[in-house]
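UniProt numbering puts the sequence shown at residues 1 to 99.
The beta-carbon is built from N, C-alpha and C at its ideal position, and this holds for glycine as well.
Because the structure is a prediction, the values reported are computed rather than measured.
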Amino acid sequence: MLHVEGFESLLSSVADRPLSLWGKSIALDGSVKRVVDEALKGDRVIEIIGKTEGSIPKDSLPTCIHCPSSSEEFLQIKLPILVFVMKNLKQEGKIEFQV
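Next up, the structure:
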């Protein structure tokens, strides 16, 4: 995990274990994996693939990652700024934050 004083990294795709703080829910047709992105000059990225929430049966979960990995835990982050970088693939998706 990347560590810089005063900065907390929850996910960095170039770290040794980028999803160490994250839990995963993977649908039957979905996947969560690290791949090489040639458009980013070979950098490794996290790829999350699965059907959209509206296209799956009501009794199944979509493919997603969540942090912290346990729903019983809290992050306890006190920093006032969240930086989120995501490549636009012109695909439908959903991002949720709970404060």
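- prompt: Smallest Cα separation from G30: which of D16, K51, A15?
  reply: K51
task: Within the same chain, show all residues whose beta-carbon is closer than 8 Å to that of L75, passing over the 5 residues directly before and after it, in chain order.
output: L10, C67, P68
query: So is P18 buried or exposed if we call it buried at 16+ other beta carbons inside 10 Å?
result: buried
query: Which class does E73 belong to by DSSP, given the choice of helix, strand or coil?
result: coil
query: How about S13 and V36: are their beta carbons less than 8 Å apart?
result: no
Distance, E8 Cα to I48 Cα: 23 Å
query: From N88, G42, G6, pick the residue whose C-alpha is nearest to that of R34; which is it?
result: G42
query: Is the shortest distance between the beta-carbon of A39 and the beta-carbons of chain D less than 8 Å?
result: Looking for chain D here will not work: only one protein chain is present.
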